Each structure stands twice: as structure tokens, then as C-alpha cells.
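Enquirer:
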Amino acid sequence: MLQEWLAAVGDDYAAVVWRPEGEPRSYPDEEGPKHWTKERHQFLMELKQEALTFARDWGADYILFADTDNILTNNQTLRLLIEQGLPVVAPMLDSQTYYSNFWCGITPQGYYRRTADYFPTKNRQRRGCFRVPMVHSTFLVSLRAEGAAQLAFYPPHPNYTWPFDDIIVFAYACQAAGVTVHVCNEHRYGYMNVPVKSHQGLEDERVNFVHLILEALVDGPPMWASAHVSRPPKRPSKMGFDEVFVISLARRPDRRERMLSSLWEMEISGRLVDAVDGRTLNSSIMRSLGVDLLPGYQDPYSGRTLTKGEVGCFLSHYSIWEEVVARGLAQVLVFEDDVRFESNFRGRLERLMEEVEAEKLPWDLIYLGRKQVNPEEEAAVEGLPHLVVAGYSYWTLAYVLSLAGARKLLASQPLRRMLPVDEFLPIMFDQHPNEQYKAHFWPRDLRAFSARPLLAAPTHYAGDAEWLSDTETSSPWDDDSGRIISWSGSHKTLRGPRLDLAGSSGHSLHPHPRDEL
Numbered sequence: 001m002l003q004e005w006l007a008a009v010g011d012d013y014a015a016v017v018w019r020p021e022g023e024p025r026s027y028p029d030e031e032g033p034k035h036w037t038k039e040r041h042q043f044l045m046e047l048k049q050e051a052l053t054f055a056r057d058w059g060a061d062y063i064l065f066a067d068t069d070n071i072l073t074n075n076q077t078l079r080l081l082i083e084q085g086l087p088v089v090a091p092m093l094d095s096q097t098y099y100s101n102f103w104c105g106i107t108p109q110g111y112y113r114r115t116a117d118y119f120p121t122k123n124r125q126r127r128g129c130f131r132v133p134m135v136h137s138t139f140l141v142s143l144r145a146e147g148a149a150q151l152a153f154y155p156p157h158p159n160y161t162w163p164f165d166d167i168i169v170f171a172y173a174c175q176a177a178g179v180t181v182h183v184c185n186e187h188r189y190g191y192m193n194v195p196v197k198s199h200q201g202l203e204d205e206r207v208n209f210v211h212l213i214l215e216a217l218v219d220g221p222p223m224w225a226s227a228h229v230s231r232p233p234k235r236p237s238k239m240g241f242d243e244v245f246v247i248s249l250a251r252r253p254d255r256r257e258r259m260l261s262s263l264w265e266m267e268i269s270g271r272l273v274d275a276v277d278g279r280t281l282n283s284s285i286m287r288s289l290g291v292d293l294l295p296g297y298q299d300p301y302s303g304r305t306l307t308k309g310e311v312g313c314f315l316s317h318y319s320i321w322e323e324v325v326a327r328g329l330a331q332v333l334v335f336e337d338d339v340r341f342e343s344n345f346r347g348r349l350e351r352l353m354e355e356v357e358a359e360k361l362p363w364d365l366i367y368l369g370r371k372q373v374n375p376e377e378e379a380a381v382e383g384l385p386h387l388v389v390a391g392y393s394y395w396t397l398a399y400v401l402s403l404a405g406a407r408k409l410l411a412s413q414p415l416r417r418m419l420p421v422d423e424f425l426p427i428m429f430d431q432h433p434n435e436q437y438k439a440h441f442w443p444r445d446l447r448a449f450s451a452r453p454l455l456a457a458p459t460h461y462a463g464d465a466e467w468l469s470d471t472e473t474s475s476p477w478d479d480d481s482g483r484i485i486s487w488s489g490s491h492k493t494l495r496g497p498r499l500d501l502a503g504s505s506g507h508s509l510h511p512h513p514r515d516e517l
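Per full-length UniProt numbering, the sequence shown starts with residue 1, numbered consecutively.
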């Protein structure tokens, strides 16, 4: 990959030194290719020292170190760092978790020390360039700065007694030479992959990196592949489902593009379904479709009535249920276009469906993403550790639906007594707390379950700067005036505790001197 890139752009540089080394391919006593043994650390320190020496001999003013799994998306990174006039400065990199390329505290023994400054810095609640005891992975060294001539990666400083690790060795060298170290977070510079555990392999790292790409697609800026590098071919599939539906409004092309890009990165073959746009609905159209309001319905938080956005959302899901029945599709996967995928979404979903099939569990609907109302009351499913019996829930972000489930949903004739689709589903599996609503539907025998941990969450929540809802920002269902109202009183769209999500933190925040937590 690097050779291909150099062949295309190498002439743009004053000089390129390319010395590939195929050895060593492994190290004694390593648990796997991601295990940092003493020999691996030493080899890396020697390589970095060789680069540092080369830069000095060549008369360079600066040297930029960048790990291969660090992706710089800001093409002004070098200029912005040089303008700071600092001896050692790092661009703060984002990741899938709270991991980043700096420490705010270090113990007298050279280990990570938690401080009150780390999270405000990582979350950009305070912005600027801040002095820190260590930066790593990607950073700039000013070779003309006072004390820079004393900096070294290998051999370590004669008085060095801290852990044998390249990032800690360099932090000690800076401290011993009186060279200050800073991290800058005012701009978004790029991303870094969260390290995997020492016993994990390259496939685990690849899965982590795919998740990093998905997070970048949500939070931005996205990581686009270089035009000068060939990528391995993708082989998208439906993962054993008869169809993978993606509900998306045509007037939200940014969401549509992000969702299709996310599925492509995970090699999932999805089919776009143009959502019914609530803004195009009026009373006569809804009458022609047989839509009428469920008597007495009010939003559980704001007390408002049904919105046209919610009608459009319901009709969009309803059209999929109709297609499932018409085509006799045994099981389908349904996404809305505001999904944030959890780490290894595809692998976890495939494993979940394999477990469900192995246990021969009768099911109609399986939530993959939802807002749980009373999670402590949800019963586990015997023999299926990643599944619970679904309780009252909000959202229809992502779910799996069977043919039998679709038939039950259609048989209830919900258009004649409509309420939001995420209120309708709990009625159908008899978990809605409002007895008056439930009395309008019978039978309520939908067999509904939920992934545990959840595999998806909303991209944004009410209160986030990027939050936008076409159901909460809409006109009442029977209002044809065209006015748009923001119903901020509903708590459905507020962020809840993400205690039941399948994020990557469970396997990436392990006790290791490279980690931040």
C-alpha cells in the first residue's frame, strides 16, 4: 500500500527514504501480533531513533512522527502545529472511546495518573494548546528548540527507571532535557484506533478500525480513502436476511449517504426505502390512506398529539411490513437512517442470529437499538445470553422482523387508529403501560425480544448541536397550515444512560501504560 502511494506522490517530496524490512515477523514470548514484548518495544524505539538521527543529519527543522493507524484528516495539520512555536506538540486525535494520544498526568514511576483535566480536554470543553507530561503516536518535534538535541528514543536516558515503552521513554527524555510537551485540540486533526488487547489479532484490529470509520462518518470529518491507494474489494451481503431495508428521507441526502457508506464499510447490502415525508401529507391524503388518530393519544411527555412526521415514519415502516408479507420474506433487517452502530455490529448480529437459530427460539421481532424505559424489569432468555424479553421501549432505529411478525402487525389494522410506531410496537407485545391504548388492539401476541447489549444507538440526541428530528420537528397530524413546530418537550429523544450498549470500551480500556483510562 505504501509503495503504491509513493509511486504516485513520491515526486512531490524533496526526498523519500524507503527501507522496508520484512523481519522480524514475530518476537519471542509474544502472545500474538499485538503483544508489546520488550523486544518489540526496543525495535520500535530503534526505528524512531533512526528517524530522529536522520532528520538531524539532514538538517531538518522539524520531524513529524505518525503511527500507521493514525489518520490525519486535516491537511493543515503541519502548518497549524508549526505556528504554535512549541518544542514538542501533538494534534489531539479522536477515537472510538476516551482514548487519545496524550496523558494529562504521570506518576513518579512513569505510569498514567488520572487528572481532572483529561476529560475536558478530550471532549473539547476546554480548547487550545495545553502543557502535558506526554504525547504519543502523532506529534511534531522542533529540532531547533532549546534542549531538543538531548531528546532520544534509544537508548533510554542513563537515569531511566520507568517502564520500557517508547512513549514513556520519550516523555522521560523530554522531562530530563527540560523540553515542554503540549497537545492542541482547537481543531479536529484526525483519528487513531483504540489498541486491542495483547492476545487479540489483526482481525480484531481491523474490526476496531471499521468502527472508527463509522464513528468518523457520524461525528466528522469522515476518512476518505486516498485516490492513490487500491482498497481490498468489498463483498456486501444481506447477512442471511431476505432483505435489508434502509428507511431514508429523500430530502436528507447527508443521512442517506452516511448510512449507505456505513453499510458498505461493514459489507452489508442494504436497499433504500424512500421514507414517507410528513411535510407532504395533508388531511385528504391521510383520509385516502385510511389514516386516523388513535382516540385519546398524547405524547407521554409533552402531551402533544400525533405529528405528521410521526405519521410519515409509521407509513414508512408499514410499507416494509406490507412488502415482507407480499413477498413472503422469512426475516428482514430494518434500519432508519440515524443509526450509530456499535463496535463489531455485523459480527455481533450474526452471532446473535446464529444463537437464536440454534436455540430454535420462536420470535417475531428483535430490537437492535431502542431506548429502554425499565431495563431492570426485562427478563433474560434462557440459553441466549445476548437476548432479553423486550419491555416498553422507544425508537425503531434498527430491528429484525419475521414474516409471522409482519403478518401480526398488519392484521391489527393500525392505520385506522394510529399512534407513533414506537408506541404501537410495545402495544403489540403487550408491554405498553397505557391500558386504554392497548384496548384498541387484539391480539397482542407479538413475540418481541431485544439484543443485550444493544447494537445500535441514535447518531444524536435532543440537545446535541447536530440533532435534527423529522418527527419531533413537525406539524400536528391534522394541521394543514404548513407551520413547523419543534416539540422540545418530549423526553424520548433525550440521551439516556448507555449502560446496555455494545461499545468497544469493554475490550479496549484495559490496564496498560498506553491507555488513558
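Note that the Cβ used here is the ideal one computed from N, Cα and C, for glycine as well.
Computed from a predicted model, the values in this text were never measured in an experiment.
Could you tell me the boundaries of the beta strand (DSSP E) in which lysine 371 lies?
Expert: Position 371 of the sequence shown holds residue 371. It spans 365 to 372 - the beta strand (DSSP E) in which lysine 371 sits, taken as one unbroken run.
Enquirer: Taking only runs that begin and end inside the segment 53 to 139, name each unbroken beta strand (DSSP E) of 3 or more residues, in chain order.
Expert: Those beta strand (DSSP E) runs which fall completely within the segment 53 to 139 and span 3+ residues are 62 to 66, 70 to 72, 88 to 91, 129 to 131.
Enquirer: Check tyrosine 394 in the structure and name its three-state DSSP category.
Expert: The count along the sequence shown starts at 1 and reaches residue 394 at position 394. Strand.
Enquirer: Nearest-angstrom Cα distance between threonine 53 and threonine 97?
Expert: As a position in the sequence shown, residue 53 is number 53, starting the count at 1. As a position in the sequence shown, residue 97 is number 97, starting the count at 1. Approximately 34 Å between the Cα atoms of the pair.
Enquirer: When we look at the beta-carbon of leucine 401 and count the other beta-carbons within 10 Å, is it buried (16 or more) or exposed?
Expert: Looking up residue 401 in the sequence shown gives position 401. Label assigned to leucine 401: buried.
Enquirer: What is the rounded straight-line gap between the Cα of aspartate 57 and the Cα of valine 16?
Expert: If you number the sequence shown from 1, residue 57 lands on position 57. If you number the sequence shown from 1, residue 16 lands on position 16. Taking C-alpha positions only, aspartate 57 is separated from valine 16 by approximately 15 Å.
Enquirer: If distances are taken between C-alpha atoms only, which option among Val339, His386, Phe345, Gly369 comes closest to alanine 357?
Expert: As a working note, residue 357 is residue 357 in the sequence shown. A small correction: the amino acid at residue 357 is glutamate; alanine does not occupy that position in the sequence shown. Answer by Cα proximity: His386.
Enquirer: Could you have a look at glutamine 200 and say whether DSSP puts it in helix, strand or coil?
Expert: To locate residue 200, count along the sequence shown from 1; it is residue 200. Judged by DSSP in its simplified three-state form, glutamine 200 adopts coil rather than helix or strand.
Enquirer: Taking the continuous beta strand (DSSP E) assigned at phenylalanine 449, which residues delimit it?
Expert: Counted from its first residue, the sequence shown places residue 449 at position 449. First-last of the beta strand (DSSP E) with phenylalanine 449: 448 to 451.
Enquirer: In angstroms, rounded to a whole number, what distance separates the CA positions of leucine 454 and valine 273?
Expert: Here residue 454 is taken as the residue at index 454 of the sequence shown, counted from 1. Here residue 273 is taken as the residue at index 273 of the sequence shown, counted from 1. Cα to Cα, the separation comes out at about 24 Å.
Enquirer: Out of curiosity, what's the CA-to-CA distance linking isoleucine 268 and asparagine 74?
Expert: By 1-based counting over the sequence shown, the position of residue 268 is 268. By 1-based counting over the sequence shown, the position of residue 74 is 74. Their Cα atoms are separated by approximately 29 Å.
Enquirer: Please report the distance separating the alpha-carbon of alanine 451 from that of leucine 352.
Expert: Sequence index remark: in the sequence shown, residue 451 carries index 451 (1-based). Sequence index remark: in the sequence shown, residue 352 carries index 352 (1-based). Taking the straight line from one Cα to the other gives about 8 Å.
Enquirer: Counting Cβ pairs, one atom from each stretch, are 3 or more of them under 8 Å apart for the segment 389 to 397 and the segment 364 to 378?
Expert: yes
Enquirer: In whole angstroms, what is the alpha-carbon distance linking leucine 249 and proline 120?
Expert: Numbered from its first residue, the sequence shown carries residue 249 at position 249. Numbered from its first residue, the sequence shown carries residue 120 at position 120. Approximately 36 Å between the Cα atoms of the pair.
Enquirer: CB threonine 305 to CB glycine 278, shorter than 9 Å?
Expert: Working through the sequence shown from its first residue, we reach residue 305 at position 305. Working through the sequence shown from its first residue, we reach residue 278 at position 278. No; because the gap between Cβ atoms is not below 9 Å, this pair is not in contact.
Enquirer: Proline 458 lies in the beta strand (DSSP E); which residues open and close that run?
Expert: Numbered from 1 along the sequence shown, position 458 holds the residue referred to as residue 458. Segment 456 to 458, the beta strand (DSSP E) holding proline 458.
Enquirer: If you measure between the beta carbons of glutamine 76 and histidine 182, is that distance less than 9 Å?
Expert: As a first step, residue 76 must be located in the sequence shown, where it is residue number 76. As a first step, residue 182 must be located in the sequence shown, where it is residue number 182. The answer is no: Cβ separation not under 9 Å.
Enquirer: Judging by CA-CA distance, which residue of Tyr189, Tyr160, Met266, Ala326 is the nearest neighbour of aspartate 242?
Expert: In the sequence shown, residue 242 corresponds to position 242, counting from 1. It is Ala326 whose Cα lies nearest to the Cα of aspartate 242.
Enquirer: Hey, could you find the ends of the beta strand (DSSP E) aspartate 274 is sitting in?
Expert: Against the sequence shown, residue 274 aligns to sequence position 274. Counting along the chain, the beta strand (DSSP E) containing aspartate 274 begins and ends at 271 to 274.
Enquirer: Counting beta carbon pairs with one atom in the segment 162 to 172 and one in the segment 32 to 48, are three or more of them shorter than 8 Å?
Expert: yes
Enquirer: Find the nearest neighbour of residue 563 within the set Leu143, Arg144, Asp94, Leu151, judged by alpha-carbon distance.
Expert: No answer is possible for residue 563: the residues shown for the chain start at 1 and end at 517.
Enquirer: For a quick check, are the C-beta atoms of phenylalanine 139 and asparagine 101 less than 9 Å apart?
Expert: Working through the sequence shown from its first residue, we reach residue 139 at position 139. Working through the sequence shown from its first residue, we reach residue 101 at position 101. Yes, these two residues count as a Cβ contact at 9 Å.
Enquirer: Are the beta-carbon atoms belonging to leucine 281 and methionine 418 less than 9 Å from one another?
Expert: Residue numbering aside, residue 281 sits at position 281 when the sequence shown is read from its first letter. Residue numbering aside, residue 418 sits at position 418 when the sequence shown is read from its first letter. Not closer than 9 Å, so no.
Enquirer: Candidates Leu2, Arg25, Ala380, Asp29: which alpha carbon is nearest arginine 19's?
Expert: One-based indexing of the sequence shown puts residue 19 at position 19. The shortest C-alpha separation from arginine 19 is found at Leu2.
Enquirer: What is the residue span of the alpha helix (DSSP H) that leucine 415 lies within?
Expert: The residue labelled residue 415 in the question sits at position 415 within the sequence shown. First-last for leucine 415: undefined, no H or E at that position.
Enquirer: Would you kindly check if the distance between the Cβ of alanine 148 and the Cβ of valine 179 is under 9 Å?
Expert: By one-based count along the sequence shown, residue 179 stands at place 179. By one-based count along the sequence shown, residue 148 stands at place 148. Yes. Within cutoff.
Enquirer: Is the segment 203 to 219 touching the segment 294 to 304 in the sense that three or more CB pairs, one from each, lie closer than 8 Å?
Expert: no
Enquirer: Quick one: measure Cβ to Cβ for alanine 448 and alanine 390, integer angstroms, because I've assumed they're closer than 8 Å.
Expert: By one-based count along the sequence shown, residue 448 stands at place 448. By one-based count along the sequence shown, residue 390 stands at place 390. Yes, alanine 448 and alanine 390 are in contact; Cβ-Cβ is about 4 Å, under 8 Å.
Enquirer: Using 9 Å as the limit for Cβ to Cβ distance, is tyrosine 112 near chain D?
Expert: Checking the listed chains, one finds no chain D in this structure; it contains a single protein chain.
Enquirer: Given this structure, state the Cα-to-Cα distance separating glycine 489 from alanine 8, to the nearest angstrom.
Expert: Within the sequence shown, residue 489 is the residue found at index 489, counting from 1. Within the sequence shown, residue 8 is the residue found at index 8, counting from 1. Legend: pLDDT at glycine 489 = 48, less than 50; position of this residue unreliable, value from coordinates given subsequently. In a straight line, the C-alpha of glycine 489 is about 55 Å away from that of alanine 8.
Enquirer: Taking residue 525 as part of the beta strand (DSSP E), name the residues at either end of that continuous run.
Expert: Because the chain in this structure spans residues 1 to 517, residue 525 falls outside the shown range and cannot be described.
Enquirer: Please report the distance separating the alpha-carbon of alanine 60 from that of alanine 173.
Expert: Taking the sequence shown and counting its residues from 1, one reaches residue 60 at position 60. Taking the sequence shown and counting its residues from 1, one reaches residue 173 at position 173. Distance between the alpha carbons of alanine 60 and alanine 173 is about 20 Å.
Enquirer: Taking tyrosine 437 as the reference, give the member of Arg231, Gln331, Lys360, Phe424 with the closest Cα.
Expert: Within the sequence shown, numbered from 1, the residue matching residue 437 stands at position 437. The shortest Cα separation from tyrosine 437 among Arg231, Gln331, Lys360, Phe424 belongs to Phe424.
Enquirer: Could you round the C-beta distance between residue 518 and arginine 258 to whole angstroms and report it? I think they count as a contact, below 8 Å.
Expert: Residue 518 lies beyond the stretch modelled for the chain, which goes from 1 to 517, so this question has no answer here.
Enquirer: Taking the alpha helix (DSSP H) that valine 325 belongs to, which residues open and close that run?
Expert: Along the sequence shown, one-based indexing puts residue 325 at 325. Residues 308 to 327.
Enquirer: Which whole-angstrom value describes the C-beta separation of leucine 384 and glutamate 342, a residue pair presumed to lie in contact below a C-beta threshold of 8 Å?
Expert: Here residue 384 is taken as the residue at index 384 of the sequence shown, counted from 1. Here residue 342 is taken as the residue at index 342 of the sequence shown, counted from 1. Contact doesn't hold; Cβ gap of about 18 Å is too wide.
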